[in-house]
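The numbering of the sequence shown is this note's numbering, which starts it at 51 and goes up by one.
Here a beta-carbon is modelled for each residue, glycine too, at the ideal position from N, C-alpha and C.
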Amino acid sequence: MSNSKSIGQILRRIRREKLWTLQKTCEEADNIIDAARLSRIESTNSMPSLVAGYKIAKALGVKVEDLFNEAEGVISKPSGYEEKIPVLSWVRAGAMCSSPTSHGFSDCDEWISPPRPNMAPNCYALKVRGDSMQAPHGTSFSDGCYIIVDPAMAPENRSYVIAMTRDTEESTFKQLIMDAGQTLLKPLNPHYPIIQANEDMIICGVVTDMVSRIA
Numbered sequence: 051m052s053n054s055k056s057i058g059q060i061l062r063r064i065r066r067e068k069l070w071t072l073q074k075t076c077e078e079a080d081n082i083i084d085a086a087r088l089s090r091i092e093s094t095n096s097m098p099s100l101v102a103g104y105k106i107a108k109a110l111g112v113k114v115e116d117l118f119n120e121a122e123g124v125i126s127k128p129s130g131y132e133e134k135i136p137v138l139s140w141v142r143a144g145a146m147c148s149s150p151t152s153h154g155f156s157d158c159d160e161w162i163s164p165p166r167p168n169m170a171p172n173c174y175a176l177k178v179r180g181d182s183m184q185a186p187h188g189t190s191f192s193d194g195c196y197i198i199v200d201p202a203m204a205p206e207n208r209s210y211v212i213a214m215t216r217d218t219e220e221s222t223f224k225q226l227i228m229d230a231g232q233t234l235l236k237p238l239n240p241h242y243p244i245i246q247a248n249e250d251m252i253i254c255g256v257v258t259d260m261v262s263r264i265a
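Following this line, the structure appears as structure tokens:
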């Protein structure tokens with residue numbers, strides 16, 4: 051499913067987050083357009099002129115290129131962190147799963163270097179909690195390691211995934227098992243139970259890499 055949006059939808063979201071009226075936004079943009087015109091831009095797929103778009107974006111505190119990136123489903127990163135990967139909280143990862151382009155990376159406090167070149171543009175990292183994915187042998191994810199999540203990758207049988215329950219936005223890290231018509235979320239640690247996935251669960255992304263830090 052595409053996460054693309056219109057420029058108008060994005061401008062409306064940012065304006066509402068700032069609690070600005072249409073008139074206030076136009077005034078802050080030197081009245082480059084009037085409130086009626088801005089309302090039409092927000093509610094349709096019409097585009098502002100280049101000058102108007104620049105002034106409105108500047109008034110709202112965003113860059114024009116960030117608007118186009120979000121419209122294409124690419125989440126912008128702050129200057130100086132373009133090559134880094136943001137470390138998200140598990141709560142925030144669940145929120146991003148519900149609304150992928152409504153949560154940027156600009157206010158992330160922790161960033162890590164990518165483990166390899168050509169990482170997915172919207173990938174993010176999570177810090178593993180607990181030992182449910184720590185296997186007695188083979189592939190294992192220990193408590194405190196970082197996993198890299200690609201939210202755009204399609205999961206396959208035996209993929210490592212981040213799954214979320216829709217109503218609680220509670221996310222979990224497990225191995226996806228699709229077998230005999232069943233969809234299961236399997237911990238690698240045999241001391242933890244296998245979870246039967248149901249219609250309330252969605253896959254937020256596929257884990258592609260692991261990064262461990264040496265103390």
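| query | result |
| --- | --- |
| Whose C-beta lies closer than 8 Å to the C-beta of C147 among residues of the same chain, with five residues either side of it excluded? | P201, I212, M214, E219, S221, I252, C254, G255 |
| Alpha carbon to alpha carbon, what distance is there between I57 and E115? | 11 Å |
| Out of curiosity, what's the CA-to-CA distance linking I198 and A204? | 15 Å |
| Return the Cβ separation of N207 and L226 in integer angstroms, given the expectation that the two are a contact with Cβ distance under 8 Å. | 7 Å |
| So, L72 versus L88, is the Cβ gap smaller than 8 Å? | yes |
| What would DSSP say about Q73, mapped onto helix, strand or coil? | helix |
| Quick check on DSSP: helix, strand or coil for M97? | coil |
| Inspect the beta-carbon positions of P237 and A175 and report whether they are closer than 8 Å. | no |
| For R66, count the other beta carbons within 10 Å of its own beta carbon; 16 or more makes it buried, fewer makes it exposed. Which is it? | exposed |
| Along the beta strand (DSSP E) that carries E220, what are the first and last residues, could you check? | 220–229 |
| In terms of residue numbering, what span does the alpha helix (DSSP H) encompassing I57 cover? | 57–67 |
| DSSP state of A102, grouped into three classes? | helix |
| Using the Cβ count rule (16 or more neighbours within 10 Å means buried), how would you classify L235? | buried |
| What is the DSSP secondary structure of A175, reduced to helix, strand or coil? | strand |
| Please confirm whether A109 and A79 have their CB atoms less than 8 Å apart. | yes |
| Under the rule that 16 or more other beta-carbon atoms within 10 Å means buried, what is A143, buried or exposed? | buried |
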